[in-house]
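**Student:**
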Amino acid sequence: MKVNGIAGYIVNRLVSVTRELGQGRNAGCFGFINEKGIVDRITAVVEGGLSGLLLRKLLDNITDMEGKSTIEGLETIPGNSVLIMTRPGKTGLITDVSGVDFFNMPLIAIGVKNENLAGVGIVYPRGEFFDLATESEKVELKILAAHTASEEKEVLRDSTELSLRYLDLSSDLPIVDVSEQDPVFRPNQQAAWRLPRVRIKSISQDFAHKLVAKSMEVGQGREVAALGIVDENGHITQKGEIVIGGIGYVPSRLLASSAVDISGKSLREIYSKGVPENGVIVHTHPGGTGVMHMGDANAGPGSWGRPIVAIGHDNEGKTKGATVIENVKEVYDFADEDEELNLKFFEAETPEKEAEIRNRKFGVAQEYTNLCKPIEITN
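For the sequence shown, my numbering begins at 86 and goes up steadily by one.
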């Protein structure tokens, strides 16, 4: 939907919250476009934490997020929505597509400099922007694959040229005078979109061996991954081609491209409509036994509502084990707690209180590891 402007009271409210928060913290909310193309209503403003805007807290103003993955929350957002967020220390210029790629809706950025409004910009979800995000993932991985200084120089040149293409993504958005309205809370009453809660018992030996072999081939500690399918018996077989990731990660778009067409599609569309509901993310842990951590949980069931499996192996290619973190309620409970801790950090009045909060954050990370369940590698 074309956005013709944003209500002044919305901009003022977000700038005011950002000013009060200080410390480089941002604020955000969802906005709603009326029949005239004006964003005139919003959900309650959510304060940013240690790592930026709190996504699950933001989505909780649209739907009850208890026990839900991020993708399940995203799929309940009304079609006339936009994402609005402030950018402390910056103007309204938007030079990345990660927001529109993830949310698949217009993104409005409100720049705040020296405690004052510094501009309002907007970027729309467009197929070419999503393909640009795929290019960015590929360029980042090419840097790892470069064998010589001259090769790395060429890849860095490509990366710089790609960055220049991001400068023209956004456009200015007018601020209009509209009567102030109360915040909207959970506007979409339609039945929630929900993925099945599957239980994993085993993974195909052939699938696991192929992944380890590919992991050994690329070396340098780089992870490889592919999508799998779980049957009614909890057994995983290979669905997609194996893709090569980086050290400690496999980009979400390239991972999905192993099994589904991602051209011109946002991450939200890919994982809600492209990836099968009984899909499973399977990747390697070079040097490990398959035990996973908070990052794995967020990259699997936390974000995309699908279980994630890790195959651990040593530097000689010997498989050391396989584990899974399923899409269980505890994954989402810990995600909610982690967001709350991100806010409580700023409320600490003493070093002792801050230490208590930081220790619990480490504790939450340990809780994710405790959710790892060993599975069999079998035919």
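Think of the CB as a built atom: it goes at the ideal place given N, C-alpha and C, for glycine as much as any other residue.
Is residue 319 closer than 8 Å to residue 284 when the C-beta atoms are compared?
**Tutor:** One-based indexing of the sequence shown puts residue 284 at position 199. One-based indexing of the sequence shown puts residue 319 at position 234. Yes, the pair counts as a contact, with Cβ atoms nearer than the cut-off.
**Student:** Which of the three DSSP states is assigned to residue 252 in this structure?
**Tutor:** In the sequence shown, the residue the question calls residue 252 occupies position 167. If DSSP states are grouped into helix, strand and coil, residue 252 belongs with the helices.
**Student:** Using three-state DSSP, classify residue 461 as helix, strand or coil.
**Tutor:** Stepping through the sequence shown from its first residue, residue 461 is reached at position 376. Reduced to three states, the DSSP call for residue 461 is strand.
**Student:** Please name the residue in 334, 185, 459 whose C-alpha comes closest to that of residue 352.
**Tutor:** Along the sequence shown, read from residue 1 onward, the residue named residue 352 stands at position 267. Ranked by how close their Cα comes to the Cα of residue 352, the residues 334, 185, 459 have 185 in first place.
**Student:** For residue 199, count the other beta carbons within 10 Å of its own beta carbon; 16 or more makes it buried, fewer makes it exposed. Which is it?
**Tutor:** Mapped onto the sequence shown, residue 199 falls at position 114. The residue in question, residue 199, is exposed, as its Cβ has fewer than 16 Cβ neighbours within 10 Å.
**Student:** Do the stretch 86-93 and the stretch 113-133 make contact, defined as three or more Cβ pairs closer than 8 Å?
**Tutor:** yes
**Student:** With three or more C-beta pairs closer than 8 Å as the rule, is the stretch 236-243 touching the stretch 126-134?
**Tutor:** no
**Student:** Across which residues does DSSP place residue 201 in a beta bridge pair?
**Tutor:** Within the sequence shown, residue 201 is the residue found at index 116, counting from 1. Bridge partners of residue 201: 198.
**Student:** Exposed or buried, which one is residue 432 when buried takes at least 16 other CB atoms within 10 Å?
**Tutor:** Your numbering for residue 432 matches position 347 in the sequence shown. Per the 10 Å Cβ criterion, exposed.
**Student:** With DSSP collapsed to three states, give me the class of residue 98.
**Tutor:** On the sequence shown, residue 98 is found 13 positions in, with the first residue counted as 1. In the structure shown, residue 98 sits in a helix (DSSP, three-state: H, G or I).
**Student:** Do you know offhand how far residue 359's Cα is from residue 371's?
**Tutor:** Working through the sequence shown from its first residue, we reach residue 359 at position 274. Working through the sequence shown from its first residue, we reach residue 371 at position 286. Using only the alpha carbons, I get a separation of about 29 Å.
**Student:** Could you tell me which whole beta strand (DSSP E) segments of length 3 or greater appear in the stretch 153-240?
**Tutor:** 166-173, 192-198, 201-208
**Student:** Helix, strand or coil, according to DSSP, for residue 258 in the structure here?
**Tutor:** Position 173 of the sequence shown, counted from the start, is the residue given in the question as residue 258. If DSSP states are grouped into helix, strand and coil, residue 258 belongs with coil.
**Student:** Measuring only the C-alpha atoms, how far is residue 429 from residue 387?
**Tutor:** On the sequence shown, residue 429 is found 344 positions in, with the first residue counted as 1. On the sequence shown, residue 387 is found 302 positions in, with the first residue counted as 1. Going by the C-alpha atoms only, they are around 21 Å apart.
**Student:** For residue 377, which option in 409, 217, 219 has the closest C-alpha, if you only look at C-alpha atoms?
**Tutor:** Locating residue 377 in the sequence shown gives position 292, counting from the first residue. That would be 409, whose Cα lies nearest to the Cα of residue 377.
**Student:** By a C-beta neighbour count over all protein chains shown, 10 Å radius and 16 as the cutoff for buried, is residue 460 buried or exposed?
**Tutor:** Within the sequence shown, residue 460 is the residue found at index 375, counting from 1. By the neighbour-count criterion, in which a residue is buried when 16 or more other Cβ atoms sit within 10 angstroms of its Cβ, residue 460 is buried.
**Student:** Can you find a heavy atom of the ligand GDP that lies under 7 Å from the Cβ of residue 220?
**Tutor:** In the structure on display, the ligand GDP does not appear, and there are no ligands present to speak of.
**Student:** Helix, strand or coil for residue 136? Go by DSSP, reduced to three states.
**Tutor:** Residue numbering aside, residue 136 sits at position 51 when the sequence shown is read from its first letter. Three-state result, residue 136: coil.
**Student:** Considering only residues of the stretch 300-346, which uninterrupted alpha helix (DSSP H) runs meet the minimum length of 4 residues and lie entirely inside it, listed in chain order?
**Tutor:** 337-342
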